[in-house]
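Written below as structure tokens is the structure these notes are about.
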């Protein structure tokens, strides 16, 4: 990405609010408490989806599971607000965030280690009881394709659980070029959320109406936040406070993410 080195703080200046501190400031407040990367739990079997959601629909009652995939490098308030508004609008029982293992469409840039992206997702979502995080794509290994994840989810859950895949309207416009797109169409319902400055034209809407895809379009509160912008801000020594959850910001600072020398 050609990111710039994170600006270091002078030992005689107080830290600017929200800025990542590579080292504690002399005479200042205590450094951020270390937030460890998740450890391998070799002694116990991992859940198929997640501990909190593996039994969704097991009682036979109808249920709706929202699926929020992405690189999440890092996860930010735009992701969370989008998931919450779709959950509310469509009566979802839960939303599972699934960080990509090896995203095929981002081979042209460095992606943070999966363990870090997974940890940040867990920190960001832990305060919402309707949100959970799955490591299924990371644990699967190899290239990450949506069709493989949806097949695994569909095989795991009973038919009374409806899968609702949440994505951006700009991404869904390219859905016909996705890997095994015809198979994808039969595995989930899609909710395409509109992003600031993007409008799906009438021609594309008509195309979806004639396709095997079930796609709903939902306008969500505009939040002009992107992961690439957060990475850039950190690399320039700027604040990302209020652009992501505070615990995610602390994790980014503590582990030195998005600094050129990392």
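In our numbering, the protein residues as written are 175 to 436. From the three backbone atoms N, C-alpha and C, an ideal C-beta is built for every residue, glycine too.
Exposure label - residue i; buried when at least 16 CB within 10 Å
i: residue 395; result: exposed
i: residue 379; result: exposed
i: residue 240; result: buried
i: residue 298; result: buried
i: residue 418; result: buried
i: residue 360; result: exposed
i: residue 235; result: exposed
i: residue 416; result: exposed
i: residue 329; result: exposed
i: residue 315; result: exposed
i: residue 283; result: exposed
i: residue 308; result: buried
i: residue 311; result: buried
Sheet register partners of residue i (DSSP bridge)
i: residue 306; result: 270
i: residue 389; result: 364
Extent of the continuous alpha helix (DSSP H) to which residue i belongs
i: residue 318; result: Taken as a continuous stretch (DSSP letters only), residue 318 belongs to no alpha helix (DSSP H), as it is neither H nor E.
i: residue 382; result: 376-383
i: residue 262; result: 251-264
i: residue 345; result: 343-346
i: residue 356; result: 355-359
Residue interval of the beta strand (DSSP E) (run including residue i)
i: residue 242; result: 237-244
Reduced DSSP secondary structure (H/G/I, E/B, other) of residue i
i: residue 395; result: coil
i: residue 404; result: helix
i: residue 299; result: helix
i: residue 336; result: strand
i: residue 366; result: strand
i: residue 284; result: coil
i: residue 433; result: coil
i: residue 418; result: strand
i: residue 311; result: helix
i: residue 410; result: coil
i: residue 323; result: helix
i: residue 331; result: coil
i: residue 293; result: helix
i: residue 223; result: coil
i: residue 424; result: helix
i: residue 200; result: For residue 200, the predicted model reports a pLDDT of 36, less than 50, meaning its position is unreliable and no value from the coordinates is stated.
heavy atom of the ligand MN below 7 Å from residue i C-beta
i: residue 299; result: With respect to the ligand MN, the structure shown offers nothing to examine, as it has no ligands at all.
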